[in-house]
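Trainee: Numbering-wise, the sequence shown is residues 949 to 1155 according to this note's numbering.
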Amino acid sequence: MREFLWGLDGTLLDTYPAMVQAFQKAVAELGGTIPADTTYQLMRQQSVGYAERMVAAQYGWDWHDLRAGYQRWEPQLQHAPAAFAGAQAVLEKVIAVGGHNYLMTHRDESAQAYLQRSGLAQYFTDAVTAAQPFPRKPDPAALNHLLNKHQVDRQRAVMVGDRNLDIDAGHNAGIAGYLFDIDCLITVTSAPEVQVTDLNDLLTFVD
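(1) Looking at the unbroken beta strand (DSSP E) that takes in aspartate 1131, where does it start and where does it end?
(2) How about leucine 978 and tyrosine 1007: are their beta carbons less than 8 Å apart?
(3) Look up leucine 961 in the DSSP assignment and say whether it is helix, strand or coil.
(4) Tell me the rounded alpha-carbon separation between leucine 1046 and alanine 1016.
(5) In terms of residues, what are the limits of the alpha helix (DSSP H) holding leucine 1113?
(6) Since glycine 1017 is in the alpha helix (DSSP H), which residue starts that stretch and which ends it?
(7) Tell me the DSSP secondary structure of alanine 1031 in three-state form.
(8) Among Asp1146, Ala1078, Ile1130, Tyr1126, which residue has its Cα nearest to the Cα of alanine 1194?
(9) For the putative contact between leucine 960 and alanine 1035, defined by C-beta atoms under 8 Å, what is the C-beta separation to the nearest angstrom?
(10) Sorted by chain position, which residues of the same chain lie with C-beta nearer than 6 Å to glycine 980's C-beta, five sequence neighbours on each side aside?
(11) Cα separation between lysine 973 and alanine 1121?
(12) Hey, aspartate 1074 and histidine 1098: beta-carbon distance below 8 Å or not?
(13) Less than 8 Å between the CB atoms is what I'm expecting for arginine 950 and aspartate 1155, so what's the real figure, rounded?
(14) Return the bridge partner residues of tyrosine 1126 from the DSSP annotation.
(15) Looking at the secondary structure, which residues open and close the alpha helix (DSSP H) in which glutamate 1000 lies?
(16) Buried or exposed, going by whether 16 or more other CB atoms sit within 10 Å of the CB of asparagine 1049?
(17) Does the beta-carbon distance from leucine 956 to valine 1038 come in below 8 Å?
(18) Can you tell which of Lys1041, Met1107, Val975 has the C-alpha that lies nearest to the C-alpha of aspartate 1087?
(19) Since tyrosine 1050 sits in a beta bridge, which residues does DSSP pair it with?
(20) Please work out which residues of its chain come closer than 7 Å, Cβ to Cβ, to leucine 1068, disregarding the five sequence neighbours upstream and downstream, and give them in chain order.
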């Protein structure tokens, strides 16, 4: 594979610590409590939106109120998320073999800022962020946009992500899916072609 489409949160950058803190603060503001490990598992195994709806339902809140609090806190706490070990090496190798890296994230313009701060932005050809109104994964619309725009050979393309919905989105777009599950939290239902706990292990699949 040499055409790599990447998720951001939990795949390239370790944004979860600040995300968990922001969620806990939002819950506390509404009068509730939730452990950090429970929050992390909900986000990693499902999504932030799932966590918002589930916790709001438990407390009888409007989940929009919880989301508003989370979205207010998260940018304040998310300063300079670190890249996961191996991220730069894989991105570099993709470029070295004549391939391309593309970003597909539901995060807003902060995604580009975080890539810049982590030194990874230079490796990307293009990106889809929340600024573009594509439906959320596993809908393949955003991936199809990037693949079609750059005339990518889908036989050489792969979606790399940390959740089943990333892999499902890749498969829905007719490309492979590589799952990065650093702490083996995912109950895998998406049949990824490759599954790793260390991004460095993807180096052998770049050609």
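Just so it is clear, CB atoms sit at the ideal spot from N, CA and C, and this is done for glycine as well.
Mentor: Reading from the atomic positions:
(1) From DSSP, aspartate 1131 is part of no beta strand (DSSP E); its letter is neither H nor E.
(2) yes
(3) strand
(4) Per the sequence presented here, residue 1046 reads as glycine, with leucine not at that position. When rounded, the distance between both Cα atoms is 42 Å.
(5) 1112-1120
(6) 1011-1025
(7) strand
(8) An answer regarding residue 1194 cannot be provided, because it is not within the stretch 949 to 1155 covered by the chain.
(9) 5 Å
(10) Tyr1007
(11) 37 Å
(12) yes
(13) 7 Å
(14) Val1108, Val1142
(15) 996-1007
(16) buried
(17) no
(18) Met1107
(19) Leu953, Asp1074
(20) Leu960, Ala1031, Ala1035, Gln1036, Leu1039
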